[in-house]
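Residues -33 to -1, 1 to 122 (mature numbering (1 follows the signal peptide of the UniProt record, and there is no 0)) are what the sequence shown spells out, left to right. Just so it is clear, CB atoms sit at the ideal spot from N, CA and C, and this is done for glycine as well. It should be emphasised that the depicted structure is a prediction, and the values quoted were computed from it without experimental measurement.
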Amino acid sequence: MANKLSGVLICRACQGIALSALTLLLTTGVAQAQSLEVTNARLSLLPGNTPGAGYFDLQNSGDETVTLVGAESPAFEHVEMHVSSEHNGMAHMHAIESIEIGPGERIEFAPKGHHLMFLRRAAPLSEGDKADVELKFSDEQRLPVTFDVVSPASL
């Protein structure tokens, strides 16, 4: 009887420890998500099934560096992070794996700079629509953002 009782007490202690650890993990993720803010999220689309470009401002008001590693959207089969640059008068664009945003830093995703490339539409979208996007970070954090679908002329 004593063995059964001590087993139950150990099991309850393990549950308490596991619950405390889970609570700590969840509240840490929430606190970090609250330190990130996205504003001015726009998705520029041309007619047809050409790739779209996503622009936004990302502010890190936390006290730790965060690393953006990608994005997903149910409206597109694939989303990539890109950067545009100019070299010897020629415009170049290439994919990037990640971008770090330091404490207190603001990164602007804008034409001729960092941007998201939205490839192969999985759902029809037109100017005035909204597109749901999830930004993904290296710590497994995800930040949901709603992008306004706009015409390239509005940028």
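Neighbourhood of residue i by C-beta, 6 angstroms cutoff - its chain only, sequence neighbours within 5 removed
i, result
"Phe76", "Tyr22, Phe23, His82"
"Thr105", "The displayed chain sequence assigns Ser, not Thr, to residue 105. Cβ within range, chain order: Thr34, Val36."
"Pro111", "Glu101"
Proximity test, Cβ basis, 8 angstroms: residue i and chain D
i, result
"Phe104", "Checking the listed chains, one finds no chain D in this structure; it contains a single protein chain."
Sequence-distant residues of the same chain with beta carbon closer than 8 angstroms to residue i, five excluded per side
i, result
"Leu122", "Arg9, Ser11, Tyr22, Pro78"
"Asn7", "Tyr22, Phe23, Asp24"
Beta carbon of residue i nearer than 8 angstroms to that of residue j
i, j, result
"Gly71", "Ser28", "yes"
"Ala62", "Lys103", "no"
"Pro14", "Phe85", "no"
"Ser118", "Gly80", "no"
"Ala42", "Arg87", "no"
Buried/exposed call for residue i, threshold 16 Cβ in 10 Å
i, result
"Met48", "buried"
"Ser65", "exposed"
"Ser40", "buried"
"Ala120", "exposed"
"Ala90", "exposed"
"Ala58", "exposed"
Inter-residue spacing [alpha-carbon to alpha-carbon] between residue i and residue j
i, j, result
"Met60", "His54", "11 angstroms"
"Val100", "Thr113", "6 angstroms"
"Val116", "Gln26", "21 angstroms"
"Gln109", "Lys97", "As written in the sequence, residue 109 is Arg, which differs from the Gln given in the question. Those two C-alpha atoms are separated by around 19 angstroms."
"Val5", "Arg73", "10 angstroms"
"Asn16", "Gly56", "29 angstroms"
Contacts around residue i, its chain only, beta-carbon distance under 7 angstroms, and the 5 residues preceding and following it disregarded
i, result
"Glu67", "Thr32, Thr34"
"Ser2", "Asn27, Ser28, Gly29"
What are the uninterrupted segments assigned as beta strand (DSSP E) that are 3 or more residues long and contained completely in the segment 4 to 79, given in chain order? You should have 19 to 27, 33 to 39, 43 to 54, 57 to 62, 66 to 68, 73 to 76.
Complete runs of the alpha helix (DSSP H) confined to the segment 80 to 121 [at least 4 residues]: DSSP runs (the alpha helix (DSSP H)) wholly in the segment 80 to 121: none.
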